[in-house]
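Engineer: My questions will all concern the structure given below.
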Amino acid sequence: MDGHASAPAPVRSEEPAGQDRNRQNRSHRSAFAAGRQRSADHRVRWRPAGPFCGLAPGQGPLCSESHSCCGPFRGEGETLSERRLFGTDGIRGVAGEPPLDARTVAAFGMALGEWALHHGSRNVLIGMDTRESGPALAAQVAAGLRKAGVEPLLAGIVTTPAVSFLTRTGPFSAGVMISASHNPYHDNGLKVFAHDGLKLPDAEELRIETRIFQLLNEGAETAPDSSIPGDDGLASAYLEFLASAAPHGLAGLSVVLDCANGAAFQLAPALFRWLGARVVETACRPDGRNINDGCGALHVEPLRQRVLAENADFGAAFDGDADRCILVSRSGRVLNGDHILLLAGRHLRPRAVVATVMSNLGLERALASDGIGLIRTAVGDRYVLEEMLRQDLPLGGEQSGHVIFLDFSTAGDGMLTALRAASIARARGATLDELVEDFIVYPQRLVNVRFREKKPLDQLPAVQNEIRETEHEFGPAGRVLVRFSGTEPLARVMVEGPDAERVEFRARRIAAAIEASLS
41 MDGHASAPAP VRSEEPAGQD RNRQNRSHRS AFAAGRQRSA DHRVRWRPAG PFCGLAPGQG
101 PLCSESHSCC GPFRGEGETL SERRLFGTDG IRGVAGEPPL DARTVAAFGM ALGEWALHHG
161 SRNVLIGMDT RESGPALAAQ VAAGLRKAGV EPLLAGIVTT PAVSFLTRTG PFSAGVMISA
221 SHNPYHDNGL KVFAHDGLKL PDAEELRIET RIFQLLNEGA ETAPDSSIPG DDGLASAYLE
281 FLASAAPHGL AGLSVVLDCA NGAAFQLAPA LFRWLGARVV ETACRPDGRN INDGCGALHV
341 EPLRQRVLAE NADFGAAFDG DADRCILVSR SGRVLNGDHI LLLAGRHLRP RAVVATVMSN
401 LGLERALASD GIGLIRTAVG DRYVLEEMLR QDLPLGGEQS GHVIFLDFST AGDGMLTALR
461 AASIARARGA TLDELVEDFI VYPQRLVNVR FREKKPLDQL PAVQNEIRET EHEFGPAGRV
521 LVRFSGTEPL ARVMVEGPDA ERVEFRARRI AAAIEASLS
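Each residue of the sequence shown is one higher than the one before, counting from 41 in this note's numbering.
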């Protein structure tokens, strides 16, 4: 397959929709859950200072009696607040600068290696996206691993969900993905997966982080190791697995793929062609610096225009590490994670779908019209997955395009998401437009505010006043969510309500108050 595999992947028959399929796969999901049943100490426990969503306590599935769905936006995570390196998605920063300087990254490798020795084999998998800093960081991680007595294996340029899958199915005690996801090229990051393919619990990350600081204080020095063995067959194994998500293939479909000049730039076009689709590539020529640059899941307009120009059946945009996917329908409609959760939920018919507090109120009401509940978590696909495992549910995700099909994978996977959406549309004999035509999106405004010094939101009176006024104006018909990013120095403001102009006005007022308070 275009250099990635020599033979078609084995595929299976299309599974039945609805509850029968849920029962067939329940043991599969339970196996994941049994392997990672976090204790109470491993969970993030929030202390809400009061309701942030503007809804009455216990109103429908949107908010619990304790407002646990919106609590994170006024409280601090007890476990998260103890960590200095790990954020909500690993360690991230500017490549070459702390915490991604050579000494810290090598210490990370040593600490992870020591952890790995106590959790399985002596092998750790390393993957990376297309950033120019990737090879140097891989060499630093590998050096630390070897100093700890662990052998690294390089998968090369692969996606984050590929590392998750390969770690779970291969002889690895852990996997490391070197990527900063949707961030610009000068940033990079380190994401860690355990041998079960899941991201580490907060408590385990804290243990590794503590050891990193011990090693740095001891003055540990490790020279980068550029001689990392690789295995070209790993990517092929991953693609064969993905092919099972489209059991009837994609023959006859025309698809535009925007790979963000990132990790999927070779894998996605090869896979879709292998399955029979006519593929038009865009943003598939990485140069080390153009990853996510005006392309990919955060910049969908170029893809939308290309889908219309090519008269394609649909388009798919991935981010730099391809763990998220945004779709564009034949008519040019942009379908985010909420739309994908709706069309997949209607096909799978679970008792509930797991999403985050950022998902639009329209998703909740559209699912409810089909008798499907919506369970909300804090922002982060790791918390979505945790709730899916706890509730034994097959589908969950984020509005941003992280979608988890637990019957196939424990990770949000952009390519898998695109394949499942196409396969579901084909199975139902409908277009993507038709599958979501009744989804009424409530006006929602997201504003990011960059800050210099982080302070608890409940200690900012001007911000609290703007939030209270917004909650009072919208009442139960709207929501207000304010949180700090776990990966960047940003405060994120989301306001949702029935009137677009008032939503915009209120979001800007809250953002201005944050900027004035934290400048």
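Note that CB positions come from ideal geometry on N, CA and C, so glycine has one too.
Every value quoted in this text rests on a predicted model; they were computed, and no experiment measured them.
Is there a C-beta anywhere in chain D that falls below 8 Å from the one on P211?
Structural biologist: Checking the listed chains, one finds no chain D in this structure; it contains a single protein chain.
Engineer: Look up N228 in the DSSP assignment and give the residues it is bridged to.
Structural biologist: BP columns for N228 point to G133.
Engineer: So, under 8 Å CB-CB, A303 and V181 are touching, yes? Tell me the CB distance rounded to an integer number of Å.
Structural biologist: Actually they are not in contact, since the Cβ atoms of A303 and V181 sit about 17 Å apart, beyond 8 Å.
Engineer: Relative to the C-alpha of Y225, which residue among A547, A470, R132 and T471 is closest?
Structural biologist: R132
Engineer: For the segment 283 to 324, which segments carrying the alpha helix (DSSP H) assignment without a break, of at least 4 residues, lie completely within its bounds, in sequence order?
Structural biologist: 307 to 314
Engineer: Would you kindly check if the distance between the Cβ of V145 and the Cβ of F212 is under 8 Å?
Structural biologist: no
Engineer: Of the choices M168, L530 and C324, whose alpha-carbon is the least far from that of A583?
Structural biologist: Outside the shown range of the chain (41 to 559) lies residue 583, about which nothing can therefore be said.
Engineer: So if DSSP puts E536 in a beta bridge, which residue, or which two residues, is it bridged to?
Structural biologist: Q484 and R519, per the DSSP bridge assignment.
Engineer: Looking at the strands, I want to know which residues DSSP matches up with P192.
Structural biologist: Beta-bridge pairing links P192 to V164.
Engineer: Apart from the five residues on each side of it in sequence, which residues of its chain come closer than 6 Å, Cβ to Cβ, to G174?
Structural biologist: M168 and I218
Engineer: Using a 10 Å radius around the Cβ and a threshold of 16 neighbouring Cβ atoms, would you call I554 buried or exposed?
Structural biologist: buried
Engineer: Where does F545 fall in DSSP's three states?
Structural biologist: helix
Engineer: Helix or strand or just coil, what does DSSP make of L500?
Structural biologist: Of the three classes helix, strand and coil, the one that applies to L500 here is coil, per DSSP.
Engineer: Going by C-alpha to C-alpha distance, which of T170, F253 and G196 sits closest to N223?
Structural biologist: T170
Engineer: Determine contact between the segment 307 to 316 and the segment 339 to 347, defined as no fewer than three beta-carbon pairs at a distance below 8 Å.
Structural biologist: No, they do not touch.
Engineer: Can you tell me whether S204 is buried or exposed? The criterion is at least 16 other CB atoms within 10 Å of its CB, across all chains shown.
Structural biologist: buried
Engineer: Sorted by chain position, which residues of the same chain lie with C-beta nearer than 7 Å to A286's C-beta, five sequence neighbours on each side aside?
Structural biologist: L315, L459, A462 and S463
Engineer: Secondary structure at S221, three-state DSSP: helix, strand or coil?
Structural biologist: coil
Engineer: Drop a sphere of 10 angstroms on the beta-carbon of S70, count the other beta-carbons inside from all chains shown, and report buried for 16 or more, exposed for fewer.
Structural biologist: Any reading at S70 needs caution, since the residue's pLDDT is 42, under 50, leaving its predicted position unreliable; the model's value is listed next. Exposed.
Engineer: In the DSSP assignment, what are the bridge partners of S266?
Structural biologist: BP columns for S266 are empty, so no partner.
Engineer: Let me check understanding here. Comparing Cα to Cα, which of A465, A547 and Q439 lies closest to V489?
Structural biologist: Residue nearest to V489 within the set A465, A547 and Q439 is A547 (criterion: CA-CA distance).
Engineer: Starting from L381, trace the alpha helix (DSSP H) both ways and give me its first and last residue.
Structural biologist: G377 to L388
Engineer: So which of F354, C299 and K187 has the shortest CA-CA distance to A156?
Structural biologist: K187
Engineer: Report back the beta-carbon spacing between D410 and R391 to the nearest angstrom; my notes put them in contact at under 8 Å.
Structural biologist: With a Cβ gap of about 11 Å, D410 and R391 do not count as contacting.
Engineer: Whole angstroms is fine: what's the gap from G210's alpha carbon to G273's?
Structural biologist: 12 Å
Engineer: Taking buried to mean at least 16 other C-beta atoms within 10 Å of its own C-beta, is P241 buried or exposed?
Structural biologist: buried
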